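Order-wise, the sequence lines are chains U and W. 267 is the number that the working numbering gives to position 267 of the first sequence; each next residue is one higher, with no gaps. For the working numbering, count along the second sequence from 1 and bump the result up by 283. To start, the structure itself, in structure tokens.
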Amino acid sequence: MKIHVRLFSRPKVKAAEPFPDTDYELKCPKCKTAHTRSELYERNFVCPDCGAYFRIPARDRIRMLCDEGSFVETNAKLTSVDFLDFPGYSDKITKAKSSTGELCAVVTGTMRVEGHPCAVFALDSRFIMASMGSAVGEKITRLFELATRRGLPVLGVLCSGGARMQEGIVSLMQMAKCSGAARRHSDAGLLYIALLTDPTTGGMTASIAMQGDITLAEPKTLVGFAGRRVIEQTTGSALPGNFQTSEFLLDRGFVDMIVDRESLRSTVSLLLRQHTTGKEKEA
Amino acid sequence: MNAYERLKTVRASDRKMGSDYVNAMFTDKVILCGDRRFGEDPAIMGGIGYLGDIPVTFIAMDKGSDLADRMRKHFGCPMPEGYRKALRLMKQAEKFHRPVVCIVDTLGAYPGAEGEERGQGQAIAENLFEMMGLKTPIITVVVGEGGSGGALALAVADRVYMLENAVYSVITPDGCASIIWKDSSRVEDATECLHITAEDMVKYSVAEDIIREDFENFDVMCAGMRDRILHDIGELLPLSPKKLLDGRYERFRKIGIYDDGETK
Ligand SMILES: [Zn+2]
């Protein structure tokens with residue numbers, strides 16, 4: 001069975017700096033069929049066989065949302081340090097770097113969406129489950145600070161396994177640090193849109209994922225604080241199948257809307273338009 | 284004591300609890316209940332009392348005294364209502380420009396289905412966000428376990444103190460062991476890896492100082508804590524809201540160890 005996905009016009013960016021056209025295979029999270037990145041990019045990373053949503057690499061996510069040539073990356077070289085000499089962490093960082101081509105689990109910068117300037121950060125689940133350590137915390141904090149200085153709204157594309165335990169207590173403090181930067185941005189009267197994608201859990205849920213003025217979520221996305229298994233072990237009771245899905249959260253009032261990939265760009269663009277101040281400084 | 288022995292010490296059931304510190308430090312107390320949203324969580328006790336001769340809002344995690352009390356308090360693991368009550372009392376303190384003292388002792392937020400349904404993560408996130416803008420001094424003392432986000436939700440403060448054997452961790456060492464080694468019996472190893480002691484907290488700028496424990500003379504020890512906190516309040520209370528909040532922001536802003544790629 002083929003699912004037809006309407007393709008909206010998206011910028012075809014050449015192998016320019018921020019978006020290298022390296023190709024590799026990704027496996028469908030549902031039907032396990034392998035597809036190439038370039039093929040999936042053309043289909044919003046929606047599986048052509050079963051319609052399931054693939055997790056989108058951070059850089060591709062930004063590329064799908066931004067106007068052609070408008071993305072300017074910030075702090076591109078910032079990366080993690082294994083300062084606690086934590087078992088296996090150095091290896092994990094090295095492997096994540098080589099398998100993703102990224103230096104960090106979050107990509108940050110400024111862009112335009114249908115002409116509307118904004119700052120953007122996107123987490124990449126392939127990089128140590130996009131867990132939040134010092135590098136992620138610092139890049140997100142710097143982005144909010146930059147957006148506050150320039151009067152820009154922020155779009156955050158969230159996904160995370162939570163705080164990065166390999167950085168001990170310092171990783172927990174990143175939750176407070178990012179919250180502070182988001183708070184200052186908010187106090188400056190600026191918009192923060194949080195888009196929750198699969199999976200958004202732990203410390204990320206308990207900080208910047210839940211601090212947006214507007215909270216969007218992709219369909220069938222896992223969003224929660226405590227892990228399902230931990231809850232089942234603690235309480236000894238089974239959980240419903242839809243537990244901690246974006247639909248479950250919508251029903252209980254914790255997200256504003258569920259947005260499919262086809263309408264994501266236009267939704268973000270509309271929200272940015274509604275919040276235009278005329279004081280945005282792009283550089 | 285090594286880190287693991289300290290962890291066992293603070294988890295011992297005869298260890299002093301949040302309510303003990305409140306009772307020893309504050310006089311003429313009024314206990315206040317409820318989050319005005321859904322319910323009342325007894326795992327976090329809150330109210331107003333005198334610290335020396337000034338009224339202060341206290342918010343303390345409490346593990347419970349006997350088994351029934353512990354069950355009721357989920358052994359000190361708060362529900363979203365606990366965090367929302369804490370925030371309500373902090374906002375109230377802000378209105379009356381009254382300092383806030385938080386006592387932290389928890390394994391973490393209670394991992395239950397109901398807490399998730401009622402937005403445990405959102406409740407903690409809101410506390411972090413609001414505490415970063417709260418225009419009154421906040422002082423936190425970790426007296427036992429500081430368990431991850433569930434502890435941080437009462438610790439976005441201007442000053443944080445650790446009791447000598449208190450620990451503060453991003454994840455329970457038990458949870459960490461089962462993730463790295465798929466073996467929850469390796470708690471002791473995980474405890475070392477995570478660097479959770481009071482000395483570690485000072486080293487990583489998570490805490491200002493360590494308070495020596497003296498449970499033989501609990502009242503004397505608490506009087507010392509009270510004087511220390513009063514001294515801080517004396518410094519913080521006269522600050523303009525901007526100065527106070529800039530200081531709180533900078534306190535957390537500087538935490539992080541990374542390579543920014545520019546120095547090489
Ligand atoms: Zn599929």
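Glycine included, every Cβ here is placed at the ideal spot set by N, Cα and C. Since this is a predicted model, take the numbers as computed values, not measurements.
Scanning the stretch 182 to 263 of chain U from its first residue to its last, the whole alpha helix (DSSP H) runs of 4-plus residues come out as 202 to 205, 228 to 235 and 246 to 251. Under the criterion of beta carbons closer than 8 Å, W/P325 and W/K356 qualify as touching, at roughly 5 Å. Taking 8 Å as the threshold, the shortest C-beta distance from U/D187 to chain W falls below it. Within a 10 Å sphere around the beta-carbon of W/C316 sit fewer than 16 other beta-carbons, which makes this residue exposed. Residue-level contact by beta carbon fails for W/D336 and chain U, as no gap is shorter than 8 Å. The set of residues with any CB-heavy atom separation to ligand 1 below 6 Å comprises, in chain order, U/C28, U/K30, U/C31, U/T33, U/C47, U/D49, U/C50 and U/A52. In this structure, DSSP gives W/E428 an extended state, which the three-state scheme calls strand. When C-beta atoms of the stretch 130 to 148 of chain U are compared with those of the stretch 157 to 167 of chain U, three or more pairs fall below 8 Å, so the two segments count as touching. Non-local C-beta neighbours of W/I421 in its own chain, meaning closer than 6 Å and more than five positions away in sequence, comprise V383, A440 and D441, ordered along the chain. Residue contact check for U/M173 against chain W: a CB pair falls below 8 Å. For the 8 Å CB-CB criterion, W/E377 and W/K312 do not form a contact. As DSSP reads the structure, W/Y333 sits in a beta bridge with W/T310 and W/P338. For W/F535, at least one C-beta of chain U is nearer than 8 Å to its own C-beta.
W/M373 is not a Cβ neighbour of W/G359, given a cutoff of 8 Å. At least 8 Å separates the beta-carbon of U/T148 from that of U/H116.
Listed as beta-bridge partners of U/S131 by DSSP are no residues whatsoever. Counting along the chain, U/T276 sits inside no alpha helix (DSSP H), nor does DSSP assign it H or E at all.
When beta bridges are read from the DSSP output, U/I93 appears opposite no residue. By the Cβ-count criterion, W/I337 is exposed, with fewer than 16 other Cβ atoms from all chains shown falling within 10 Å of its own Cβ. When U/P240, U/A283, U/I231 and U/T277 are compared, the shortest CA-CA separation from W/Y393 is found for U/I231.
Distances from the alpha-carbon of W/R401 to those of U/H275, U/G180, U/V223 and U/L84 put U/V223 closest.
The three-state secondary structure of U/T100, taken from DSSP, is helix. Ranking W/G322, W/P363, W/R511 and W/M445 by CA distance to the CA of W/G395 puts W/P363 first. W/P394: not part of any alpha helix (DSSP H); DSSP gives it neither H nor E.
A buried status is given to U/D198, since no fewer than 16 other beta-carbon atoms sit within 10 Å of its beta-carbon. Under the three-state reduction of DSSP, U/L78 is assigned to coil, being neither helix nor strand.
One finds A226, V230, I231 and T234 in chain U with Cβ atoms closer than 7 Å to the Cβ of W/P394, taken in chain order. Residue pairing from DSSP places W/V387 in a beta bridge opposite W/V425.
DSSP places W/D297 outside both helix and strand once states are collapsed to three, so it counts as coil. Close CB contacts of W/D457 within its chain, under the 6 Å cut and outside five residues either way in sequence, are with S467 and V470 (chain order). Taking 7 Å as the Cβ-Cβ cut-off, the stretch 417 to 445 of chain W approaches chain U at S431, G432, L435 and V439, given in chain order. Counting C-beta atoms within 10 angstroms of its own C-beta, U/M257 has fewer than 16 neighbours from the protein chains shown and is therefore classed as exposed. By the CB criterion at 8 Å, W/V443 and W/A369 fall outside the cutoff. Three or more Cβ pairs closer than 8 Å define a contact, and the stretch 37 to 52 of chain U falls short of that threshold against the stretch 85 to 105 of chain U.
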